[in-house]
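Colleague:
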Amino acid sequence: MTKARSATPRWQPRRSRLILVAAIIGVAGLLAAACGDDEETAEPAAAPETTQAPETTEAAAPAEEAPAEEATGAAACAAGETDGDLAFYNWAEYIDDELLAAFEAETGINVDYTTYESNEEMLTKVESGAAIFDLVVPSDYMVDTMRREGLLLELNYDAIPNAANIATEFNNPPFDPEHKYHVAYQWGTTGIGLTYEVLDLLGGESTWAVLFDPDTAALVPGSISMLDDAPETVSAALKYLGYSIEDVINNRNEDAVREAGDLLRATHDRLLKYDSVTFGDDLVNGEVDVAHGWSGGFALSIFEADAYETHVYTIPKEGGVRWVDTMAIPHNADNICSAHAMINFLTDAENGAQLTNWTYYGSPNAASTPYILDEILEDPGIYPPPEVDARLEFIPHAGDLALLIQDMHSQAKS
Amino acid sequence: MGPARRSSPTAGAAGEEAAALARRRQGMLLASPGALYLLIFFVAPLGLISVYSFATRTSTGRTSLSGWNVESYRALGDDIIVGIIGRSAWLATLTTVLCVVVGYPFAYYIATRPRHVRAVLLVMVMIPFWTNALVRVFAIRFLLGSNGPASALSESLGFGTFRILFTPTAVTIGMVYSFLTFMVLPLYVALERMDWSLTEAARDLYASGAKAFWKVTLPLTRSGIVAGCVLVFVPSFGSYVVPDILGGAKTLLVGSYIARQFRDARNWPLGAALSVLLIVAMLVAVALNQRSGSGAEDGSRPRNRRRGPDQGEAETVTAVAS
Numbered sequence: 000m001t002k003a004r005s006a007t008p009r010w011q012p013r014r015s016r017l018i019l020v021a022a023i024i025g026v027a028g029l030l031a032a033a034c035g036d037d038e039e040t041a042e043p044a045a046a047p048e049t050t051q052a053p054e055t056t057e058a059a060a061p062a063e064e065a066p067a068e069e070a071t072g073a074a075a076c077a078a079g080e081t082d083g084d085l086a087f088y089n090w091a092e093y094i095d096d097e098l099l100a101a102f103e104a105e106t107g108i109n110v111d112y113t114t115y116e117s118n119e120e121m122l123t124k125v126e127s128g129a130a131i132f133d134l135v136v137p138s139d140y141m142v143d144t145m146r147r148e149g150l151l152l153e154l155n156y157d158a159i160p161n162a163a164n165i166a167t168e169f170n171n172p173p174f175d176p177e178h179k180y181h182v183a184y185q186w187g188t189t190g191i192g193l194t195y196e197v198l199d200l201l202g203g204e205s206t207w208a209v210l211f212d213p214d215t216a217a218l219v220p221g222s223i224s225m226l227d228d229a230p231e232t233v234s235a236a237l238k239y240l241g242y243s244i245e246d247v248i249n250n251r252n253e254d255a256v257r258e259a260g261d262l263l264r265a266t267h268d269r270l271l272k273y274d275s276v277t278f279g280d281d282l283v284n285g286e287v288d289v290a291h292g293w294s295g296g297f298a299l300s301i302f303e304a305d306a307y308e309t310h311v312y313t314i315p316k317e318g319g320v321r322w323v324d325t326m327a328i329p330h331n332a333d334n335i336c337s338a339h340a341m342i343n344f345l346t347d348a349e350n351g352a353q354l355t356n357w358t359y360y361g362s363p364n365a366a367s368t369p370y371i372l373d374e375i376l377e378d379p380g381i382y383p384p385p386e387v388d389a390r391l392e393f394i395p396h397a398g399d400l401a402l403l404i405q406d407m408h409s410q411a412k413s
Numbered sequence: 000m001g002p003a004r005r006s007s008p009t010a011g012a013a014g015e016e017a018a019a020l021a022r023r024r025q026g027m028l029l030a031s032p033g034a035l036y037l038l039i040f041f042v043a044p045l046g047l048i049s050v051y052s053f054a055t056r057t058s059t060g061r062t063s064l065s066g067w068n069v070e071s072y073r074a075l076g077d078d079i080i081v082g083i084i085g086r087s088a089w090l091a092t093l094t095t096v097l098c099v100v101v102g103y104p105f106a107y108y109i110a111t112r113p114r115h116v117r118a119v120l121l122v123m124v125m126i127p128f129w130t131n132a133l134v135r136v137f138a139i140r141f142l143l144g145s146n147g148p149a150s151a152l153s154e155s156l157g158f159g160t161f162r163i164l165f166t167p168t169a170v171t172i173g174m175v176y177s178f179l180t181f182m183v184l185p186l187y188v189a190l191e192r193m194d195w196s197l198t199e200a201a202r203d204l205y206a207s208g209a210k211a212f213w214k215v216t217l218p219l220t221r222s223g224i225v226a227g228c229v230l231v232f233v234p235s236f237g238s239y240v241v242p243d244i245l246g247g248a249k250t251l252l253v254g255s256y257i258a259r260q261f262r263d264a265r266n267w268p269l270g271a272a273l274s275v276l277l278i279v280a281m282l283v284a285v286a287l288n289q290r291s292g293s294g295a296e297d298g299s300r301p302r303n304r305r306r307g308p309d310q311g312e313a314e315t316v317t318a319v320a321s
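Taken in sequence, the protein lines are chains B and E.
At position 158 of the first sequence (counting the first as 1) the number is 157 in numbering that gives the first Met the number 0, and the numbers step up by one without a gap.
At position 296 of the second sequence (counting the first as 1) the number is 295 in numbering that gives the first Met the number 0, and the numbers step up by one without a gap.
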């Protein structure tokens, strides 16, 4: 290489500038390579497609509370009917592969299964049309956002007879009041994972004070972490302050959100880190003693490390966040009948149990209970007792208040 | 910009013009693939970002391309954002200064070795860059962790365990490590093609070693320092993988904040406006550096007359770096 280049040493105007340019291009190349590891940076590139539907935007903007009108009527599919290979876009680590294989064997179609890490990632892809999916798994508030934007198809319940298996309390949620666009998939809670040692120091009762009250937090011998997720951190603070999350957000109570923001800011210096990915492993590894996180993440980490004697997931006495992930069909789906067939397949009693037995999240399927492992049914972190269950709340769609909630989380880190 | 070919006085003016035209055509032809690529993948997205920065976010988070306004730019004056930009600038400056301090002696050492040793050393500098950046950052995370080797070493030496992971210190260490090569390579190039006889002359005229360095070596390698600083400062200012992984997402920098606007807050107009602000600021900074850099080059700096394989090697280095 050296030899080859040295053959043309004469063409060198303004060497330093050339070097600078070469090096800048080099950095750009490296950055581009680094960005390749990170799907988020690809989002702006997907921007042109979003502009395809400006009419939708304008129509939806003034009528914020009204669902967009253009969502089409229910598709005409028979139960179990399929109309092509199914493009299934689901959260990572969220289904037993054997279920997919069983569905393929039963229907004779292929499942093209891809995964995402966040609701927003899924939303961006569906919204831009960069990829077409037949079935997606949005969480509660995302169902609300997507139906308001006209991104979901109305379901045809005639093609989903097994939907009758879903427990009644999941059939009238605030995020889809007429229950037209989703069928519940799995549900869980947001709370606190901790060591039994810390739980004993708290008098055997879990409380948000272990994060937010300086004196109580001082009892923790090790470190503390919180989710890196604005709606979750703000909701936890609201719960500690005695607010109802649904009241605050539905009534657009900015003062309460700011109060929660101040509390988060005061808490910041006590935290080891914010983490939404490895919080469970960090807990069982001893990196932290107290972690704010999602029920299933803790259940999986505690199971894998066999740490049942030492670590536990709890829902604080003040109550916590409840969330539901749901199955829904995007507005631009190609194989609508196949999507209905998959929803019907996964709401079958035994298949629904197999989902939960693999994910360790709660099942919304009432008919599945006999098939679910006892250790899951008896785990209060997965199936909380009624009095705790009554203190769980959804995080509603926040509209413009979402920006303030994001700002409060950012401000805490300033 | 072609080679300064001396035309013989007998050659016709017309012929020379035609040759110049042909050269220009050839140049355009050679440049067109790159230009096209940049147009599609750099200029067009940049244009889109600037368009989005004047758009409106609907209450469901969609970006509405109607009702153009400058609200997003006004929001940039917000205390939170100003604080984040200030912190990012400080951390990027610190990283750049540390890179100069660490990188200069390093580059000096390499540049003053015999040529075959230099080649080996340069390859060693570049080997880490053939590994995925994310993998390297996670390796540092392990290294600095409370159960990691650094902590174990400190404990065995009787200093007790230490905790620097998830602090700004860890972020700085990670950034210096990530970007040091961008400093070393341009510095090496500048030092390597410096005319050492000038320092010898300074020494002959009774300058001390330190004085010769300050008065001769440092000014002669100024373009390398400037290039290195730009190369380190720009990416560290926008860095967001390192602060998130090594800082435990506790130190919110501008790169993470922009990513957050696009992803979590779904506030594309604000994210776009902040991106535009940063891009413009960077362009201005680079342009100013370029101007001062080239001024120094044309004026005070004696041109290096040495020609030969060594310079080819210097060129190869930058080529490999890219």
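All C-beta atoms, glycine included, are put in the ideal place defined by N, C-alpha and C.
All values reported here derive from a predicted model rather than from experimental measurement.
Between B/S224 and chain E, is any beta-carbon pair separated by less than 9 Å?
Modeller: Yes, contact with chain E.
Colleague: How should B/D324 be labelled, buried or exposed, when 16 other C-beta atoms within 10 angstroms of its C-beta is the threshold for buried?
Modeller: Answer is buried; the Cβ neighbour count reaches 16.
Colleague: Go ahead and label B/D133 buried or exposed: buried means 16 or more other beta carbons lie within 10 angstroms of its beta carbon, across all protein chains shown.
Modeller: It counts as buried.
Colleague: So which residues of chain B does E/S31 contact, with C-beta pairs closer than 8 Å?
Modeller: Those within 8 Å of E/S31 in chain B number zero; the least Cβ separation is about 16 Å.
Colleague: Just to confirm before moving on: does the CB-CB distance between B/G318 and B/E204 stay below 9 Å?
Modeller: For B/G318 and B/E204, no; Cβs fall outside 9 Å.
Colleague: Check distances from the C-beta atoms of the stretch 72-84 of chain E to those of chain B and list, in chain order, the residues that come in under 9 Å.
Modeller: Cβ contacts with chain B: D77, D78, I79, I80, G82, I83.
Colleague: Can you tell me which of the three DSSP states E/S155 falls into?
Modeller: Of the three classes helix, strand and coil, the one that applies to E/S155 here is helix, per DSSP.
Colleague: So B/T144 contacts chain E; which residues on that side make the cut at Cβ distance below 8 Å?
Modeller: Those are T59, G60, listed as they occur along chain E.
Colleague: Compute the distance between the beta-carbons of B/W441 and B/Y112, then report whether it is under 9 Å.
Modeller: Since the first residue shown for chain B is 0 and the last is 413, residue 441 of chain B is missing from the structure and cannot be characterised.
Colleague: Among B/T313, B/G398, B/N343, which has the Cα closest to the Cα of B/Y195?
Modeller: The shortest C-alpha separation from B/Y195 is found at B/T313.
Colleague: Taking C-beta to C-beta, are E/L276 and E/A74 nearer than 9 Å?
Modeller: No, they are not a contact pair.
Colleague: Verify the CB distance criterion: does B/G285 have a CB-CB separation below 9 Å to chain E?
Modeller: Taking Cβ atoms only, chain E reaches closer than 9 Å to B/G285, which makes this a yes.
Colleague: In terms of alpha-carbon separation, which member of B/N350, B/K412, B/V320 lies closest to B/R390?
Modeller: Ranking the options by Cα distance to B/R390, first place goes to B/V320.
Colleague: As an exercise, report each continuous alpha helix (DSSP H) stretch of at least 4 residues that is fully enclosed by the stretch 6-87 of chain E, in chain order.
Modeller: Taking only runs of at least 4 residues, the alpha helix (DSSP H) segments lying wholly in the stretch 6-87 of chain E are 12-37, 43-51, 70-74.
Colleague: If the cut is a Cβ gap below 7 Å, which residues of chain B does E/D263 touch?
Modeller: Ordered by position in chain B, the residues that pass the 7 Å Cβ test against E/D263 are E119, A229, Q405.
Colleague: Do you know offhand how far E/L20's Cα is from E/L37's?
Modeller: Distance between the alpha carbons of E/L20 and E/L37 is about 25 Å.
Colleague: Note down, in chain order, every chain B residue with its Cβ under 9 Å from the Cβ of E/T250.
Modeller: Result: K412.
Colleague: Given a cut-off of 9 Å on the beta-carbon distance, is the pair B/H396 and E/T59 in contact?
Modeller: It is a contact, given that the beta carbons lie within the stated cut-off.
Colleague: I want to verify the contact list: residues of chain E whose CB lies under 7 Å from the CB of B/E253, in sequence order.
Modeller: Going along chain E, no residue has its Cβ under 7 Å from B/E253, so there is no contact; the nearest lies around 14 Å.
Colleague: With a threshold of 9 Å between beta carbons, is E/Y103 in contact with chain B?
Modeller: Not one chain B Cβ lies under 9 Å of E/Y103.
Colleague: To the nearest angstrom, how far is the alpha carbon of B/P431 from that of B/A259?
Modeller: Nothing can be reported for residue 431 of chain B: it is not among the residues displayed for chain B, which extend from 0 to 413.
Colleague: For the stretch 350-379 of chain B, list the alpha helix (DSSP H) runs that are entirely contained and at least 4 residues long, ordered along the chain.
Modeller: If we require 4 residues or more, the alpha helix (DSSP H) runs fully inside the stretch 350-379 of chain B come out as 373-376.
Colleague: Output yes if chain E places a C-beta closer than 9 Å to the C-beta of B/H396; else output no.
Modeller: Yes, because at least one Cβ of chain E sits closer than 9 Å to the Cβ of B/H396.
Colleague: Ordered along the chain, which non-local residues of its own chain (more than five positions away) have a Cβ less than 8 Å from that of B/I165?
Modeller: Counting only Cβ-Cβ distances below 8 Å, and skipping sequence neighbours, we find V182, A183, T346, P363, N364, A365.
Colleague: Consider the Cβ of E/G298: report whether some Cβ of chain B lies at a distance smaller than 9 Å.
Modeller: Only weak support exists for where E/G298 lies, its pLDDT of 38 falling under 50; the value from the coordinates is given anyway. With 9 Å as the cut-off, E/G298 does not count as an interface residue toward chain B.
Colleague: What did DSSP end up calling B/F87 once you bin it into helix, strand or coil?
Modeller: Reduced to three states, the DSSP call for B/F87 is strand.
Colleague: With a threshold of 16 other CB atoms inside 10 Å of the CB of B/D37, please say whether the residue is buried or exposed.
Modeller: With a pLDDT of only 39 at B/D37, under 50, the local geometry of the prediction cannot be trusted, and the value read off the model is given with reservation. Counting Cβ neighbours within 10 Å, B/D37 comes out exposed, since fewer than 16 surround it.
Colleague: Return the CA-CA distance between B/E153 and B/V136, expressed in angstroms with no decimal places.
Modeller: Between B/E153 and B/V136, the C-alpha separation is close to 15 Å.
Colleague: Cβ atoms of E/V136 and E/L245: under 9 Å apart, would you say?
Modeller: For E/L245 and E/V136, yes; Cβs fall inside 9 Å.
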